[in-house]
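Participant: Below you'll find the structure I mean.
2 protein chains.
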Amino acid sequence: MKTAITPTRDEDYAQWYQEVVKASDLAENSPVRGCMVIKPWGYAIWENIRTIMDRMFKESGVKNAYFPLFIPLSFLEKEAEHVEGFAKECAVVTHHRLEKGPNGGLVPAGPLAEPLVVRPTSETIIGDLFAKWTKSYRDLPILINQWANVVRWEMRTRLFLRTTEFLWQEGHTVHSSKEEAEERTLMMLDVYEKFARDYLAIPVITGRKTAGERFPGAVDTFCMEAMMQDRKALQFGTSHFLGQNFSKAAEIKFQTVQGTEEYAWTTSWGVSTRMIGGMIMAHSDDDGLVLPPRVASSHVVLMPIIKREEDRSRVMDYTKGLAQDLKNKFYVYRNLEVEIDTRDVGGRAWDWIKKGIPVRVEIGPKEVDQKTVFVGRRDKSPKDKAALDKEVFKEQILDILEEIQQNILVRAKTFKKKNTVVIDEKQKFYDFFTPQNKQKPEIHGGFVLAHWCTNEACENKINEDLSVTIRSVPLTPKTEKGKCIYCGKDSTQRVVFAKAY
Amino acid sequence: MKTAITPTRDEDYAQWYQEVVKASDLAENSPVRGCMVIKPWGYAIWENIRTIMDRMFKESGVKNAYFPLFIPLSFLEKEAEHVEGFAKECAVVTHHRLEKGPNGGLVPAGPLAEPLVVRPTSETIIGDLFAKWTKSYRDLPILINQWANVVRWEMRTRLFLRTTEFLWQEGHTVHSSKEEAEERTLMMLDVYEKFARDYLAIPVITGRKTAGERFPGAVDTFCMEAMMQDRKALQFGTSHFLGQNFSKAAEIKFQTVQGTEEYAWTTSWGVSTRMIGGMIMAHSDDDGLVLPPRVASSHVVLMPIIKREEDRSRVMDYTKGLAQDLKNKFYVYRNLEVEIDTRDVGGRAWDWIKKGIPVRVEIGPKEVDQKTVFVGRRDKSPKDKAALDKEVFKEQILDILEEIQQNILVRAKTFKKKNTVVIDEKQKFYDFFTPQNKQKPEIHGGFVLAHWCTNEACENKINEDLSVTIRSVPLTPKTEKGKCIYCGKDSTQRVVFAKAY
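Those sequence lines, one after another, are chains A and B.
Counting with my numbering, you get residues 1 to 501 for the letters of the first sequence.
Counting with my numbering, you get residues 1 to 501 for the letters of the second sequence.
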C-alpha cells in the first residue's frame with residue numbers, strides 16, 4: 001500500500017522521522033549549525049504546551065521571571081561537577097563588537113575581561129540572585145520558572161530531539177528544608193507526567209536516574225521516559241533535587257526560625273521543545289504527523305469543493321458560516337482553530353493528513369443541499385470518511401476531538417504495554433536488545449524490567465555491550481528478591497532498561 | 001508632604017525612576033553587565049503585553065515562529081548599512097567549549113571557523129530563510145512574528161529603558177508589491193498605537209523618522225513616541241519599510257503572475273520590554289508605580305485586619321470568599337488576579353501602593369459585620385478611601401478598573417497636550433529647551449511643533465546645541481507655509497522636536 005511518507009517507520013525509522021517533520025512543515029534546519037527554525041505549524045504546538053504547562057505551574061504557586069542569557073565563566077565554575085558536565089558544549093562570547101580587520105572584513109573586537117557563556121541551563125546565575133533574595137526563612141520558599149532559550153553545543157543534531165539552541169522552561173526553587181525541596185522535586189515530576197498523559201497523550205514511566213545519568217551537580221535526578229515507536233526511550237522531562245550543592249556554591253543562606261544560619265535546599269526542573277520530537281515519534285504514522293487535539297496547531301480544516309463556478313458562492317457561504325460557528329467554541333484554553341483551504345489542487349486532503357490536523361471536512365454542493373458535512377479523522381484511515389448532519393457535527397465536534405485524543409492515548413498505552421517485558425535471564429536480555437533483522441535494525445527491543453544489583457560496573461558493561469542504559473529506577477518499587485541481570489548477584493528491585501535517544 | 005518615593009520626580013527624575021522600579025520590585029540589575037533580571041511583578045506585565053499584542057498580530061494574519069539566536073558574521077555583512085549600524089554593539093561567540101587552561105582555570109576552546117553574532121535583530125537570518133520559502137507570488141505574503149531575546153551591547157544601561165539583553169517581538173513580512181509592504185508597515189504602526197493607547201494608557205505621536213534616525217538598512221522608519229513626565233520623548237515602537245534592500249542582500253526573489261522574476265518587498269517592526277520603562281515613566285507618581293489595570297501584574301489586593309485572635313476566622317472566611325468571587329471574573333483575556341496579604345506589618349498598604357496595584361481593599365471585623373469593604377484606588381490619593389457594600393463592590397469591580405484605566409489615560413493625554421507647543425521663533429525654541437532652573441535641570445521642555453526646511457544640517461545643529469532631535473515627521477501633515485526654526489528658509493510642514501531617551 002502506498003503511504004504518504006517514504007520511507008515508512010519499518011523501512012527506516014530515523015529517516016521516516018525527518019520526512020514527517022518536513023512533510024508537516026513543523027521545522028527545518030537553519031544555516032546556523034545545529035540551530036533549527038521552528039515554523040508556524042510547529043511553533044503553535046510549543047505555544048500550546050507553554051500555555052497549558054504555565055497554568056499547571058502557576059496553580060502550584062510558581063511565578064515566572066526572566067534571567068540573563070549570559071553567565072560569567074566564573075559563575076559556572078563555582079559548582080565543580082556542574083561545570084564539568086557542561087564545559088564541552090558551551091557557546092562562549094569573548095568580544096562585544098566588530099571592527100574592520102586587516103583584510104577589510106569585520107572581525108571580533110572589544111575582548112571581554114571575562115568570557116560569557118550562553119546559558120546551557122541557569123542554576124548558577126539564578127543561584128547568585130537567589131542568594132541576594134534569601135535572607136530569612138520568611139523569604140522562603142522561592143518558586144520561580146523561566147521560559148527561555150538555551151544553548152548546548154551539539155555535534156550531532158536532529159530537529160526537536162537534539163539541537164544546539166532549544167526552547168525550554170526551567171523551574172528553580174529554594175526551600176528551608178530538605179523535605180520541602182524533595183517534595184517539590186516530585187511534585188513537578190508529577191505535573192510533567194500528568195501533562196504528558198493528559199495533553200500529549202503519551203504514557204510515560206517515571207523514576208529516579210542512576211548516579212551516572214544524573215544532572216551535573218544534582219543529588220538526585222528524577223525523570224520521565226516515553227517509548228517511541230521504534231521502542232527506544234526518550235527522556236522527556238527531568239526534575240532535580242539539588243540538595244545544598246548549589247546553595248553552597250552560590251551562598252544561598254537563610255536565617256532559621258531559631259536564629260541560626262543555614263544553607264537553603266534547591267531544586268530545578270525542565271522540559272523543552274524535545275517534547276515535540278517525542279510527540280511526533282510517539283503518534284505519527286506512515287501517512288505523516290498525528291497531532292493530539294489538545295495541543296494541535298489547529299483543529300479542523302474545511303475544504304470546499306467547487307467544480308462549477310455557479311456553486312461557488314453557496315459552497316463558500318456554507319463553509320464560512322460553519323467556520324465561524326466552530327471558531328466560537330472553546331476547547332482547552334482557547335477557541336477552536338479552523339482552517340479553510342480553498343486551493344484547487346490534487347492532494348489537498350493529503351497535505352492536511354501529513355500535517356496531522358485532527359479533523360478534515362469536505363464540503364461540496366451535495367453537502368450544502370443535504371445540510372451535511374463529509375468528515376475524516378486523523379485517528380482513522382484516510383479513506384474512512386463519513387457524512388454527518390452539519391448541526392450534529394457542530395454539536396459533537398468537541399466530543400470528536402476528545403475521542404481522537406483518547407484513541408491516540410490508548411494506542412500509545414497499548415504499544416508501551418506490549419513492548420514492556422520482564423526478563424530474568426541474561427541471554428534472553430541480550431537477545432532482546434540485539435536486532436534479529438539486519439535489514440531494519442532499529443525496530444527491536446523495548447522496555448525491560450530486570451533486576452540490577454546497584455553496581456555501576458554492571459550498568460556500564462550492559463551499556464558497552466548493547467548501548468542499553470538504565471532509564472529509570474522506580475520510585476515505589478515492589479520489593480522483590482532477584483538476581484542482577486548482568487552479574488547474578490542479589491538484587492531487591494527491578495529497574496527499567498532500554499536503548500535511548 | 002512625605003512621599004513614599006525619595007527623591008520625587010521634581011527633585012531628581014532619573015533617580016526617582018530607579019527608586020520606583022526598586023520599590024515596586026519589577027526588576028533589578030544582574031551580575032552580568034547591562035543585563036537585567038525581570039522579577040515576577042515585572043514579568044507579569046510583559047506576559048500581559050505579549051498576550052494582548054499577540055492577539056492583535058494574529059488578527060491581522062501574522063503567525064509566530066522561532067529563528068536561531070545566532071547569526072553568522074557573513075550574514076550580517078550582506079547588508080552594508082545594516083552591519084554598520086550594529087557592528088559596535090554585537091556580542092560575538094567565538095568558541096564552542098571550555099577546557100582547562102595553563103593556570104588550571106577554564107578557558108574558551110574549540111574556535112569557530114566563522115564567528116557567530118548573538119542576534120541584535122533578525123532581518124539577515126530570517127531573510128535567508130525567507131529566500132528559501134519564497135518561490136512564487138503564491139507564497140506571498142509571508143507574515144511572521146517572533147517573541148525573543150536580543151542583545152545589543154550597551155555602554156550605559158538603565159533597567160527596561162536600555163539593557164544589553166532585552167525581550168521583544170520582531171515582525172518580519174514579505175510582499176509581492178511595494179504598496180502592500182508599505183501598507184503593512186503602517187498597519188503595524190497602527191496596531192502599536194492602539195495598543196499603547198488602549199492598554200498602556202499612553203497617548204503617543206506617530207510619524208516618520210528623518211534619514212538620520214532610520215533603522216540601519218531601512219528605506220523608511222515609522223515610529224511612535226510617548227511623552228514621559230520629565231517631558232522627554234521615549235521611542236516606543238518602530239515599523240520599518242525595508243524596500244528591496246534586504247531582499248537583494250538575501251536574494252528573496254519570486255516569480256510574478258506574469259512569469260518574470262522580481263525581488264520581494266519586506267518590512268520589519270518591533271516593540272520591546274522598553275515599553276514597560278515607558279509605562280512606568282508615563283504614569284507613576286511620587287508614591288511609586290501606577291499600573292494601568294488592563295496590563296497590571298495583579299488587580300486587587302485584599303488586606304485582612306485582625307487585631308484580636310477571636311476575629312481571625314470570620315475575617316479570613318470573608319476575605320477568602322471575596323477573593324474567590326473576584327477571581328471568577330474575567331477581565332482582558334484572563335481572570336482577575338487577586339492577592340491576599342495577611343502580613344501583620346506596618347506599611348503593608350504602602351507596599352501595595354508602591355507596587356502600583358489598582359485596587360486595595362481593607363477588611364476588618366467592622367466590614368464583616370456591615371457586609372462592606374474599605375476600598376482605596378491607585379488613581380486617587382492614598383488616604384482617599386471609601387466603604388462600599390461588598391455585593392456592590394463585586395458587581396462594580398470591572399467598572400472600577402476600567403475607570404482607573406480611563407483616568408490614567410486622560411491624565412497622560414492632558415499632560416501631553418499641555419506640554420506640546422507650537423513655536424515659530426528660534427530664540428523661544430532655544431529658551432524652551434534650556435533649563436530655567438539649574439537645580440532641577442531635567443524638568444523642562446516638551447514636544448515642540450516647529451517648521452523645518454528638511455535640511456539635515458539644521459537638524460544636526462539643533463541636536464548639537466540643545467540635544468534636541470526631530471522625533472517624528474507627521475504622516476499626514478497640515479500643509480502650512482513657514483520658516484525653518486533653525487535657518488529661516490522656507491518650509492512646508494511642522495515636525496516634532498524633543499529631547500529623547
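A virtual CB, placed ideally from N, CA and C, is assigned to each residue, including glycine.
Helix, strand or coil for histidine 82(B) per DSSP?
Facilitator: helix
Participant: Could you work out which residue in Lys78(A), Trp153(A) and Asp490(A) is closest to glutamate 251(A) when comparing CA atoms only?
Facilitator: Lys78(A)
Participant: May I have the straight-line CA-CA distance separating aspartate 287(A) from valine 21(A), to the nearest angstrom?
Facilitator: 12 Å
Participant: For the alpha helix (DSSP H) that cysteine 223(B) lies in, which residues bound it at each end?
Facilitator: Element bounds for cysteine 223(B): not the alpha helix (DSSP H) but the beta strand (DSSP E), 220 to 227.
Participant: Among Asn103(A), Asn145(A), Phe86(A) and Phe130(A), whose alpha-carbon lies nearest the alpha-carbon of glycine 61(A)?
Facilitator: Asn145(A)
Participant: Can you give the Cα-Cα distance for glutamine 439(A) and aspartate 190(A), rounded to whole angstroms?
Facilitator: Glutamine 439(A) and aspartate 190(A): Cα-Cα distance of roughly 40 Å.
Participant: Leaving out the 5 sequence neighbours to the left and right, which residues in its chain are closer than 7 Å to valine 473(B) when beta-carbon positions are compared?
Facilitator: Once the five neighbours on either side are set aside, the close Cβ partners of valine 473(B) are Gly207, Arg208, Thr210 and Val495.
Participant: Is lysine 194(B) helix, strand or coil by DSSP?
Facilitator: helix
Participant: When DSSP labels each residue in this structure, what does lysine 22(B) get in the three-state scheme?
Facilitator: Residue state, collapsed to three classes: helix.
Participant: In the DSSP assignment, what residue or residues form a beta bridge with glutamate 170(A)?
Facilitator: Gln146(A) and Gly270(A)
Participant: Go ahead and pull the three-state DSSP assignment for glutamate 391(A).
Facilitator: helix
Participant: Just to make sure I have the definition right: I need the residues of chain A whose C-beta is within less than 9 Å of the C-beta of asparagine 149(B). Which are they?
Facilitator: Tyr66, Leu69, Ala148 and Asn149
Participant: Output the distance between the C-alpha atoms of tyrosine 331(B) and valine 301(B), rounded to the nearest integer angstrom.
Facilitator: 16 Å
Participant: Going by the beta-carbon positions, is the gap between phenylalanine 130(B) and valine 83(B) smaller than 8 Å?
Facilitator: no
Participant: Quick one: residues in its chain with C-beta nearer than 8 Å to the C-beta of serine 136(B), no 5 flanking neighbours on either side, listed in chain order?
Facilitator: Phe254 and Gln255
Participant: Please list the residues of the segment 12 to 33 of chain A that have a C-beta atom closer than 7 Å to any C-beta atom in chain B, keeping them in chain order.
Facilitator: Ser30, Pro31 and Val32
Participant: What do you get for aspartate 351(A), buried or exposed, if any count of 16 or more other CB atoms within 10 angstroms of its CB means buried?
Facilitator: By the Cβ neighbour-count rule, aspartate 351(A) is buried, with 16 or more other Cβ atoms within 10 Å of its own.
Participant: Using a Cβ cut-off of 7 Å, which residues of the segment 31 to 65 of chain B contact any Cβ in chain A, in chain order?
Facilitator: Pro31, Val32, Cys35, Val37, Ile38, Lys39, Pro40, Tyr43, Glu47, Lys63, Asn64 and Ala65
Participant: Report all residues from its chain with a CB closer than 8 Å to the CB of alanine 323(A); omit the five preceding and five following residues, and keep chain order.
Facilitator: Leu302, Val338 and Ile340
Participant: Quick one: using the 10 Å Cβ neighbour count with 16 as the cut-off for buried, is arginine 119(A) buried or exposed?
Facilitator: buried
Participant: Taking the alpha-carbon positions, what's the glutamate 262(B) to arginine 138(B) distance?
Facilitator: 13 Å
Participant: On the DSSP letters alone, give me the boundaries of the beta strand (DSSP E) that isoleucine 363(A) sits inside.
Facilitator: 359 to 363
Participant: Does DSSP put arginine 348(A) in a helix, a strand or coil?
Facilitator: helix
Participant: May I have the straight-line CA-CA distance separating lysine 483(B) from glycine 212(B), to the nearest angstrom?
Facilitator: 21 Å
Participant: Give the DSSP-derived three-state secondary structure of glycine 237(A) in the structure shown.
Facilitator: strand
Participant: Could you check where the alpha helix (DSSP H) with threonine 124(A) kicks off and where it finishes?
Facilitator: 123 to 133
Participant: Starting from valine 473(B), trace the beta strand (DSSP E) in both directions and tell me its first and last residue.
Facilitator: Valine 473(B) -> no beta strand (DSSP E), and no H or E assigned at all.
Participant: Glutamate 520(B) CB to nearest chain A CB: under 8 Å?
Facilitator: No statement about residue 520(B) is possible, as the shown extent of chain B runs from 1 to 501 and does not include it.
Participant: So, does the CB of lysine 88(A) fall closer than 8 Å to a CB anywhere in chain B?
Facilitator: At least one chain B Cβ lies under 8 Å of lysine 88(A).
Participant: Tell me the DSSP secondary structure of histidine 587(B) in three-state form.
Facilitator: Since the first and last residues shown for chain B are 1 and 501, residue 587(B) lies out of range.
Participant: So within the segment 21 to 71 of chain A, which uninterrupted alpha helix (DSSP H) runs reach at least 4 residues, ignoring any that extend past its ends?
Facilitator: 40 to 59
Participant: Of all the options Asp325(A), Asp198(A) and Lys327(A), which has the alpha carbon lying nearest to the alpha carbon of methionine 53(A)?
Facilitator: Asp198(A)
Participant: Given that a residue counts as buried once 16 or more other Cβ atoms are within 10 Å of its Cβ, and exposed if not, what is threonine 267(B)?
Facilitator: buried
Participant: Roughly how many angstroms separate the alpha carbons of leucine 106(A) and lysine 100(A), rounded to a whole number?
Facilitator: If you take the alpha carbons of leucine 106(A) and lysine 100(A), they lie about 5 Å apart.
Participant: Compare the C-beta of valine 92(B) against all C-beta atoms of chain A and say whether one is closer than 8 Å.
Facilitator: Among the CB atoms of chain A, one or more fall inside 8 Å of the CB of valine 92(B).
Participant: Going along chain B, which residues have a C-beta under 7 Å from arginine 97(A)?
Facilitator: Ala87, Lys88, Glu89, Cys90 and Trp153
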